[in-house]
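Some notes on the structure that comes next.
Protein chains: 2
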Amino acid sequence: MRPELLSRALSLLPERSATPELARFYGLLRDYPQRGGKGVRSELLLASARAHGLRDTDPGWERALWLATALELFQNWVLIHDDIEDDSEERRGQPALHRLCGVPVAINVGDALHAYMWAAVGRADVPGAFEEFLTMIHRTAEGQHLDLAWVEGREWNLAPADYLQMVELKTAHYTVIVPLRLGALAAGVIPSEALTPAGLALGTAFQIRDDVLNLAGDPVKYGKEIGGDLLEGKRTLIVLHWLGAAPESQKAAFLDQMRRDRADKDPAAIDRIHRWLLDSGSVQHAQDYAQAQATEGLKLLERALAGAPDPQAAAALLTSVRELATREK
Amino acid sequence: MRPELLSRALSLLPERSATPELARFYGLLRDYPQRGGKGVRSELLLASARAHGLRDTDPGWERALWLATALELFQNWVLIHDDIEDDSEERRGQPALHRLCGVPVAINVGDALHAYMWAAVGRADVPGAFEEFLTMIHRTAEGQHLDLAWVEGREWNLAPADYLQMVELKTAHYTVIVPLRLGALAAGVIPSEALTPAGLALGTAFQIRDDVLNLAGDPVKYGKEIGGDLLEGKRTLIVLHWLGAAPESQKAAFLDQMRRDRADKDPAAIDRIHRWLLDSGSVQHAQDYAQAQATEGLKLLERALAGAPDPQAAAALLTSVRELATREK
Chain A
80 MRPELLSRAL SLLPERSATP ELARFYGLLR DYPQRGGKGV RSELLLASAR
130 AHGLRDTDPG WERALWLATA LELFQNWVLI HDDIEDDSEE RRGQPALHRL
180 CGVPVAINVG DALHAYMWAA VGRADVPGAF EEFLTMIHRT AEGQHLDLAW
230 VEGREWNLAP ADYLQMVELK TAHYTVIVPL RLGALAAGVI PSEALTPAGL
280 ALGTAFQIRD DVLNLAGDPV KYGKEIGGDL LEGKRTLIVL HWLGAAPESQ
330 KAAFLDQMRR DRADKDPAAI DRIHRWLLDS GSVQHAQDYA QAQATEGLKL
380 LERALAGAPD PQAAAALLTS VRELATREK
Chain B
80 MRPELLSRAL SLLPERSATP ELARFYGLLR DYPQRGGKGV RSELLLASAR
130 AHGLRDTDPG WERALWLATA LELFQNWVLI HDDIEDDSEE RRGQPALHRL
180 CGVPVAINVG DALHAYMWAA VGRADVPGAF EEFLTMIHRT AEGQHLDLAW
230 VEGREWNLAP ADYLQMVELK TAHYTVIVPL RLGALAAGVI PSEALTPAGL
280 ALGTAFQIRD DVLNLAGDPV KYGKEIGGDL LEGKRTLIVL HWLGAAPESQ
330 KAAFLDQMRR DRADKDPAAI DRIHRWLLDS GSVQHAQDYA QAQATEGLKL
380 LERALAGAPD PQAAAALLTS VRELATREK
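Just so you know, the protein sequences line up as chains A and B, in that order. With the numbering used here, letter number 257 in the first sequence gets 336, and the count goes up by one each step, no holes. With the numbering used here, letter number 226 in the second sequence gets 305, and the count goes up by one each step, no holes.
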């Protein structure tokens with residue numbers, strides 16, 4: 080995230096304590112925000128605010144920055160809990176928080192950071208923003224539930240439509256729809272309802288790109304463990320498409336691995352499955368699907384922004400959304 | 080909690096979905112609230128609102144009810160996460176949520192319920208309440224961190240003062256101080272600063288009573304697993320006091336058990352330790368300490384409420400606080 084957002088986030092968080100263990104707690108609160116994410120969603124929010132007529136010299140810009148800070152804090156507390164839920168090993172090139180301090184402490188750190196997110200929302204004091212954050216958490220948690228419940232229940236009898244519903248809930252709202260809407264609200268504009276279908280398509284494209292990169296990306300550019308989704312047993316469009324046409328023996332080998340917990344998975348078998356997936360047409364299929372969603376979403380977004388107060392800023396917003404939905408990393 | 084609070088809480092939560100797995104998620108959101116806690120903190124809030132001059136026939140009573148609902152939702156999401164953090168087996172006579180649906184799903188249910196708590200705070204729309212909830216979560220999470228970090232670090236080299244700091248943070252704010260302050264705010268009164276020291280003493284008394292009941296309570300009245308704190312390796316005033324004077328052999332046996340995870344603890348050894356604690360003077364010491372804190376806290380609260388708008392309601396508040404701080408269950 081940009082430094083002016085990080086400094087705002089850190090200014091909300093406590094730093095010093097005469098009790099060493101509390102000072103350590105405060106350090107844990109600052110850990111993920113300081114690891115420096117890309118700030119994709121906060122940039123989208125600020126670009127949307129500009130498209131909706133807010134300039135960074137306006138007094139209201141400060142409010143937009145606080146909303147952007149709140150969005151980054153959302154991302155960070157959610158990632159702490161996600162990493163526990165998925166038992167991820169790494170986050171942004173370092174061990175996941177629960178691998179540094181244990182699951183119980185990390186759950187509690189995420190909860191505290193969740194509350195600091197609300198402090199940032201309060202600081203922004205933008206009418207309508209409180210409700211946007213509520214909606215964002217509700218939808219994201221619903222999508223996350225589908226994902227986790229399928230893992231928990233070893234559920235692989237799923238259609239691509241199930242995956243798409245999950246992704247719309249889990250990714251599209253917090254990655255695209257809500258940042259776009261918050262940008263409008265920061266500019267004092269009632270968000271257009273047309274932002275929602277645009278964001279659903281773009282968010283879907285974004286997540287499928289992420290799934291593709293996780294299997295077939297450049298490890299240096301991508302920055303996450305390649306194949307990590309397989310180890311975590313994630314449902315993706317790629318895997319569900321592949322399961323629909325894979326030879327029975329490959330399917331059986333896949334389901335055998337997916338029945339196991341992460342630690343019990345056989346790395347050699349996972350490598351074989353990884354290669355089957357890459358050699359099948361399913362990665363290409365997902366790539367094509369994502370591209371079509373990106374094209375559709377951009378068309379819808381262009382239309383939704385047709386009457387935007389600042390056409391130049393609206394064009395810039397479309398450019399950054401295009402990069403986001405078709406990214407290589 | 081009283082039915083009018085439960086119905087308000089449930090009215091905020093989604094119920095039906097065409098997607099069976101989402102309908103299950105909604106059921107999980109409703110699970111803990113529907114198990115029916117005692118509603119201690121919401122009753123305290125409402126009693127404080129009355130003492131501060133609000134009557135249940137006033138239009139503002141509805142706002143007080145929403146704040147009380149938010150407090151109950153706070154209690155419920157925190158308990159879901161607490162039960163994971165402590166790996167508790169039961170909650171309110173039924174399996175803890177994570178034992179029904181797994182840890183990942185339960186973390187996510189707690190997060191969603193946390194957001195619904197903020198929806199209730201928003202619905203109440205009481206000036207100052209938003210900040211009270213922020214403070215409450217911050218302090219509670221700090222106290223929870225101390226508790227969890229000591230368990231994680233197998234830290235037993237602690238003084239009673241460490242325990243008391245933990246309890247003030249973890250229990251006193253959300254059990255006494257914030258309910259009393261929220262009651263004042265609901266009545267449109269700026270909370271007296273004198274409520275804080277009163278609440279710290281009363282909250283401490285409440286938690287130590289709970290620790291005593293957990294070891295020495297009547298299983299039927301208490302409703303929780305007797306000795307559960309020992310199995311969970313909880314630091315209590317009783318244990319820290321006992322460690323200061325116990326025979327070396329007993330201390331060694333105790334620390335040997337406490338080094339183990341819950342599942343590896345030896346039930347017979349835990350039973351022996353339980354008896355040593357009961358036979359030592361440490362339970363009585365803790366009981367006396369709690370009694371002194373209760374007396375002091377009640378004196379401070381009586382003084383803080385001296386000019387309360389409704390003296391009769393203030394007297395009723397004192398009576399219920401007295402019952403709370405000296406409870407048998």
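Glycine residues also receive a C-beta, built at the ideal position from the N, C-alpha and C atoms.
- request: Compare the beta carbon distance of aspartate 389 (chain A) and arginine 103 (chain A) with 9 Å and say whether it is the shorter of the two.
  value: For this step, residue 389 (chain A) is matched to residue 310 along the first sequence. For this step, residue 103 (chain A) is matched to residue 24 along the first sequence. Contact flag unset, no.
Aspartate 345 (chain A) burial status per 10 Å Cβ neighbour count (16 or more: buried): Here residue 345 (chain A) refers to the residue found at position 266 of the first sequence. Exposed: under 16 other Cβ atoms inside 10 Å.
task: Taking 8 Å as the threshold, find out whether the stretch 379-386 of chain A comes into contact with the stretch 348-361 of chain A through three or more Cβ pairs.
output: no
query: CA-CA distance, tryptophan 197 (chain A) and aspartate 335 (chain B)?
result: Counted from its first residue, the first sequence places residue 197 (chain A) at position 118. Counted from its first residue, the second sequence places residue 335 (chain B) at position 256. Answer to the nearest angstrom: the Cα atoms are 43 Å apart.
- prompt: So which residues on chain B does asparagine 155 (chain A) lean against when the C-beta distance must stay under 9 Å?
  reply: By 1-based counting over the first sequence, the position of residue 155 (chain A) is 76. Here the premise fails: no neighbours, minimum Cβ distance about 13 Å.
- prompt: What does a CB cutoff of less than 6 Å around leucine 248 (chain A) pick up in its chain, not counting 5 residues either side in sequence?
  reply: Position 169 of the first sequence, counted from the first residue, corresponds to residue 248 (chain A). Arg218, Glu221 and Gly222, listed in sequence order.
message: Classify asparagine 293 (chain A): buried if its beta carbon has 16 or more other beta carbons within 10 angstroms, exposed otherwise.
response: Reading the first sequence from its first residue, position 214 is the one you call residue 293 (chain A). Looking at its Cβ environment, which holds 16 or more other Cβ atoms inside 10 Å, asparagine 293 (chain A) is buried.
query: Under the rule that 16 or more other beta-carbon atoms within 10 Å means buried, what is glycine 232 (chain B), buried or exposed?
result: As a position in the second sequence, residue 232 (chain B) is number 153, starting the count at 1. Flag for glycine 232 (chain B) reads exposed.
query: Quick one: what does DSSP say leucine 169 (chain A) is sitting in, helix, strand or coil?
result: In the first sequence, residue 169 (chain A) corresponds to position 90, counting from 1. In the sequence as displayed, the identity of residue 169 (chain A) is glutamate instead of leucine. Reduced to three states, the DSSP call for glutamate 169 (chain A) is strand.
- prompt: How many Å lie between tryptophan 235 (chain A) and alanine 342 (chain A) at the Cα?
  reply: Here residue 235 (chain A) refers to the residue found at position 156 of the first sequence. Here residue 342 (chain A) refers to the residue found at position 263 of the first sequence. The straight-line gap from Cα to Cα measures roughly 20 Å.
query: What residues from chain A crowd round proline 388 (chain B), counting only those whose CB sits closer than 9 Å?
result: The residue labelled residue 388 (chain B) in the question sits at position 309 within the second sequence. Ordered by position in chain A, no residue passes the 9 Å Cβ test against proline 388 (chain B), which lies about 29 Å from the chain.
message: How far does the alpha helix (DSSP H) with serine 49 (chain A) in it extend, from its first residue to its last?
response: What the structure shows of chain A is the stretch from 80 to 408, and residue 49 (chain A) is not part of that stretch, so it cannot be assessed.
field: Same chain, Cβ closer than 8 Å to alanine 393 (chain A), five either side skipped, listed in chain order
entry: Taking the first sequence and counting its residues from 1, one reaches residue 393 (chain A) at position 314. The answer, listed in chain order, is Ala130, Leu384 and Ala387.
field: Any chain A beta carbon closer than 9 Å to glutamate 247 (chain B)
entry: Position 168 of the second sequence, counted from the start, is the residue given in the question as residue 247 (chain B). Interface annotation, glutamate 247 (chain B): not in contact with chain A, CB-CB separation never under 9 Å.
message: Does the stretch 130-140 of chain B come into contact with the stretch 109-119 of chain B, if we say contact requires no fewer than three beta-carbon pairs (one atom in each stretch) closer than 8 Å?
response: no
task: Could you spell out the range, first to last residue, of the alpha helix (DSSP H) harbouring methionine 196 (chain A)?
output: As a working note, residue 196 (chain A) is residue 117 in the first sequence. Residues 182-203.
query: Leaving out the 5 sequence neighbours to the left and right, which residues in its chain are closer than 7 Å to glutamate 164 (chain A) when beta-carbon positions are compared?
result: Counted from its first residue, the first sequence places residue 164 (chain A) at position 85. Closer than 7 Å at Cβ, skipping near neighbours: Leu227.
- request: Figure out for me which residue from A:Ser361, A:Leu107 and A:Pro174 has the closest Cα to the Cα of leucine 322 (chain A).
  value: For the purposes of this step, residue 322 (chain A) is identified with residue 243 of the first sequence, where counting begins at 1. Closest option to leucine 322 (chain A), Cα to Cα, is A:Ser361.
- request: Assign valine 239 (chain A) to one of three DSSP states: helix, strand, or coil.
  value: The residue labelled residue 239 (chain A) in the question sits at position 160 within the first sequence. For clarity, residue 239 (chain A) is proline in the given sequence; the question names valine instead. Reduced to three states, the DSSP call for proline 239 (chain A) is helix.
- prompt: Can a CB atom of chain B be found closer than 9 Å to the CB of glycine 293 (chain A)?
  reply: Position 214 of the first sequence, counted from the first residue, corresponds to residue 293 (chain A). The sequence shown places asparagine at residue 293 (chain A), rather than the glycine named in the question. False, the Cβ-Cβ gap to chain B never drops below 9 Å.
Where the stretch 214-226 of chain B meets chain A: residues whose CB sits under 8 Å from a CB there: Ile216, His217, Ala220, Glu221, Gln223, His224 and Leu225
query: Beta-carbon of proline 93 (chain B) versus every beta-carbon of chain A: anything under 9 Å?
result: One-based indexing of the second sequence puts residue 93 (chain B) at position 14. Judged by the 9 Å Cβ criterion, proline 93 (chain B) is in contact with chain A.
- prompt: Is any beta-carbon of chain B found at less than 9 Å from that of threonine 98 (chain A)?
  reply: Taking the first sequence and counting its residues from 1, one reaches residue 98 (chain A) at position 19. Yes, because at least one Cβ of chain B sits closer than 9 Å to the Cβ of threonine 98 (chain A).
- prompt: Pick from A:Leu89, A:Ile305 and A:Ile269: whose alpha carbon is nearest that of valine 205 (chain A)?
  reply: Looking up residue 205 (chain A) in the first sequence gives position 126. Nearest option by C-alpha distance: A:Ile269.
Coarse secondary structure for proline 174 (chain B), derived from DSSP in three states: Working through the second sequence from its first residue, we reach residue 174 (chain B) at position 95. DSSP places proline 174 (chain B) in strand when its eight states are reduced to three.
task: Taking proline 183 (chain A) as the query, report the chain B residues whose CB atoms sit under 8 Å from its CB, ordered along the chain.
output: As a position in the first sequence, residue 183 (chain A) is number 104, starting the count at 1. Simply Ile163, Glu164, Asp165, Leu227, Val230 and Glu231.
- prompt: When the Cα atoms are used, what is the spatial distance from threonine 136 (chain A) to tyrosine 253 (chain A)?
  reply: As a position in the first sequence, residue 136 (chain A) is number 57, starting the count at 1. As a position in the first sequence, residue 253 (chain A) is number 174, starting the count at 1. Going from the Cα of threonine 136 (chain A) to the Cα of tyrosine 253 (chain A) covers about 27 Å.
Cα-Cα separation between valine 184 (chain B) and glutamine 329 (chain A), rounded to whole angstroms: By one-based count along the second sequence, residue 184 (chain B) stands at place 105. By one-based count along the first sequence, residue 329 (chain A) stands at place 250. Taking the straight line joining both Cα atoms gives about 29 Å.
message: Considering only their Cβ atoms, is the gap separating alanine 365 (chain A) from threonine 315 (chain A) smaller than 9 Å?
response: In the first sequence, counting from the first residue as 1, residue 315 (chain A) sits at position 236. In the first sequence, counting from the first residue as 1, residue 365 (chain A) sits at position 286. Yes, the Cβ-Cβ distance between threonine 315 (chain A) and alanine 365 (chain A) is below 9 Å.
task: Rounded to whole angstroms, what's the CA-CA distance from arginine 170 (chain B) to isoleucine 186 (chain B)? Just pull it up for me.
output: Position 91 of the second sequence, counted from the first residue, corresponds to residue 170 (chain B). Position 107 of the second sequence, counted from the first residue, corresponds to residue 186 (chain B). In this structure, the alpha-carbon of arginine 170 (chain B) lies about 16 Å from that of isoleucine 186 (chain B).
query: According to a CB-to-CB cut-off of less than 7 Å, which residues of the stretch 182-203 of chain B neighbour chain A?
result: Pro183, Val184, Ile186, Asn187, Asp190, Ala191, His193, Ala194, Trp197, Ala198 and Gly201
query: Interface residues of chain A around leucine 101 (chain B) at Cβ under 8 Å?
result: In the second sequence, the residue the question calls residue 101 (chain B) occupies position 22. In chain order: Glu221, His224 and Leu225.
field: Any C-beta of chain B under 9 Å from that of glutamine 286 (chain A)
entry: Your numbering for residue 286 (chain A) matches position 207 in the first sequence. Answer no: the Cβ-Cβ gap between glutamine 286 (chain A) and chain B never drops below 9 Å.
query: Taking C-alpha atoms, which residue in A:Asp166, A:Leu179 and A:Phe153 lies nearest to glycine 106 (chain A)?
result: Here residue 106 (chain A) corresponds to residue number 27 of the first sequence, with the count starting at 1. When each option's Cα is compared against that of glycine 106 (chain A), the closest is A:Leu179.
message: To the nearest angstrom, how far is the alpha carbon of valine 318 (chain B) from that of valine 182 (chain A)?
response: Taking the second sequence and counting its residues from 1, one reaches residue 318 (chain B) at position 239. Taking the first sequence and counting its residues from 1, one reaches residue 182 (chain A) at position 103. So the alpha carbons of these two residues sit roughly 25 Å apart.
- request: Just the chain A side, please: which residues come within less than 7 Å of phenylalanine 42 (chain B) by C-beta, in chain order?
  value: Outside the shown range of chain B, which is 80 to 408, sits residue 42 (chain B), and nothing can be said about it.
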